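Using the numbering used here, you'd call the opening residue of the sequence shown number 63 and step up by one each time. Every residue gets a Cβ at the ideal spot worked out from N, C-alpha and C, and that includes glycine. No experiment lies behind these values; they were computed from the predicted model shown.
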Amino acid sequence: MAAEPAPAPLETDPKYDDYDYPTTAPVPANGHPGYLTPGQQAQVFQLRMLLEAEGYKERLDTLTLLRFLRARKFDVNLSKQMFIDCEKWRQEIKLDEILPTWEYPEKEEVFKYYPQYYHKTDKDGRPVYIEQLGNIDLAAMYKITTPERMLTNLAIEYERVADPRLPACSRKAGVLLETCCTIMDMSGVGLSKASQVYSYVKSVSALSQNYYPERLGRLYIINAPWGFGAVWNMIKGWLDPVTVQKIHVLGSGYQKQLLAQVPAENLPKQLGGTCECPGGCQLSDAGPWREPEWTRPAKWEKKKEDAAIVATPAEIKENPEAAQGAAAAPAPAEAEVAAAPAPAAA
């Protein structure tokens, strides 16, 4: 059995890399930041050069490229194609345009049927993501929202995982955290709802696997209904074998195994923990990303502020009101503080 590589500082590119959080993986793992071979580091450089030659300028930082390389077993050409496919998808849904101003006012109503939320951290310091599938009623949900908006909101949440959630968790843990701990509660999913649930889960799985590689740390499927084993065998066919190893299918007696990974005080009471956030855990978004000591404004927030603040002399000459707006706008440093999310009650 080959020995794990010795830890070494991540080789970064100042043109693309600007990390203000740890960049070494928490445990020695081949191909992960801090444990790269010289050949793997060279493959990062090669992938970046190929993408630059294709005209890409965004998301070429080292950690992002490493995730795509790991997802394709460090095959540079396959990683390149996966990255390009992801960028095309982002352009099709205009993700970078809508991210800074995205609003999802129907969230609370949708959550009555399908709660999906991030809530605190597991024992490794990773964000805990929870889905409760028992009340899914797609017909009722689509009177509130649309399938496109639901998937877009999911993509927005993935973007917010990348920044600011995971950086905040990494700062607090003192190591690089790139994945989440997911809990999928199947309580209440009977035969009448099974087809709705599994068809939607399939579309969500495709989005996460194709466009957000290497984000799953662990997945606990709890309260798995009778007969789920056969369905799980089918679902496994959609997933990479490495991903399958991270998934734990548990019945109603899941508490001991789940609490071994998630502290009781971080787990909502309805799932066997002790947490009862004021206003409900589902809408609290509690976690290090809401704690001033660990969070920083996301890069996409800064871009929004820069675009809103800057007013050129030509614009002021043509529109005197722009001058008043520019004068009233906060200075960049003040804007960053104002944009930082307020701490949520835990």
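Item                                                                                                                               : Value
Local Cβ density within 10 Å of glycine 335, reported as buried at 16 or more and exposed below that                               : buried
Ranges of the alpha helix (DSSP H) found wholly within the region 185-224, counting only runs of at least 4                        : 200-203 and 209-222
Per DSSP, the bridge partner or partners of methionine 246                                                                         : Glu193 and Ile283
Cβ shell of tyrosine 81 (< 7 Å), same chain only, five flanking positions each side left out                                       : none
Rounded straight-line distance, which links the Cα of lysine 234 to that of glutamate 221                                          : 20 Å
Other residues of its chain near proline 71: CB distance less than 7 Å, five sequence neighbours each side excluded                : none
Cutoff 6 Å; reference tryptophan 351; Cβ partners in own chain excluding five residues on either side                              : Pro226, Arg227, Ala230 and Thr357
Helix, strand or coil at glutamine 178 according to DSSP, with G and I counted as helix                                            : strand
Contact check, cysteine 243 vs valine 190, beta carbons under 8 Å                                                                  : yes
3-residue-minimum beta strand (DSSP E) runs that sit fully inside the region 299-351, ordered along the chain                      : 309-311
Cβ contact (3+ pairs, closer than 8 Å) linking the region 182-189 and the region 265-276                                           : no
Per DSSP, cross-strand counterpart(s) of threonine 183                                                                             : Pro189
Which of helix, strand or coil DSSP assigns to leucine 122                                                                         : coil
Cβ-based burial, valine 237 [other Cβ within 10 Å; buried from 16]                                                                 : buried
Three-state secondary structure assigned by DSSP to leucine 278                                                                    : strand
Pair within 8 Å by beta-carbon distance, aspartate 158 and leucine 195                                                             : no
Cβ pair count under 8 Å reaching 3, the region 137-147 against the region 261-271                                                  : no
Reduced DSSP category for glutamate 355 - H, G, I as helix; E, B as strand; rest coil                                              : coil
Cα-Cα separation, glutamine 386 to tryptophan 164                                                                                  : Residue confidence for glutamine 386 is low, a pLDDT of 41 falling below 50, so the modelled location carries little weight; the figure read from the coordinates is stated next. Rounded to whole angstroms, glutamine 386 to tryptophan 164 spans 26 Å at the Cα level.
Coil, strand or helix - threonine 86 by DSSP                                                                                       : coil
Alanine 115, enclosing alpha helix (DSSP H) - first and last residue                                                               : 100-115
DSSP-derived helix/strand/coil call for alanine 268                                                                                : helix
Short Cβ contact (8 Å threshold) for leucine 333 with isoleucine 245                                                               : yes
Distance, alanine 202 Cα to proline 95 Cα                                                                                          : 44 Å
Close Cβ partners of leucine 112 (< 6 Å) along its chain, the five nearest in sequence each way excluded                           : Lys142
Member of Ser232, Phe173 and Val223 whose CA lies at the smallest distance from the CA of methionine 212                           : Phe173
Glutamate 363, buried or exposed, once every other Cβ within 10 Å from all chains shown has been counted against 16                : buried
Simplified DSSP assignment, three categories, for isoleucine 146                                                                   : helix
Span separating the alpha-carbon of glycine 299 from that of glutamine 307                                                         : 13 Å
Chain-order list of residues whose beta-carbon lies under 6 Å from that of glutamate 73 (same chain, five-residue window excluded) : Gln103
Exposure label - isoleucine 198; buried when at least 16 CB within 10 Å                                                            : buried
Alpha-carbon to alpha-carbon, tyrosine 316 and phenylalanine 290                                                                   : 15 Å
Cβ-based burial, proline 330 [other Cβ within 10 Å; buried from 16]                                                                : buried
Counted within 10 angstroms of its Cβ, other Cβ atoms place glutamate 208 as buried (16 or more) or exposed                        : The sequence as given places threonine at residue 208; glutamate does not occur at that position. Flag for threonine 208 reads exposed.
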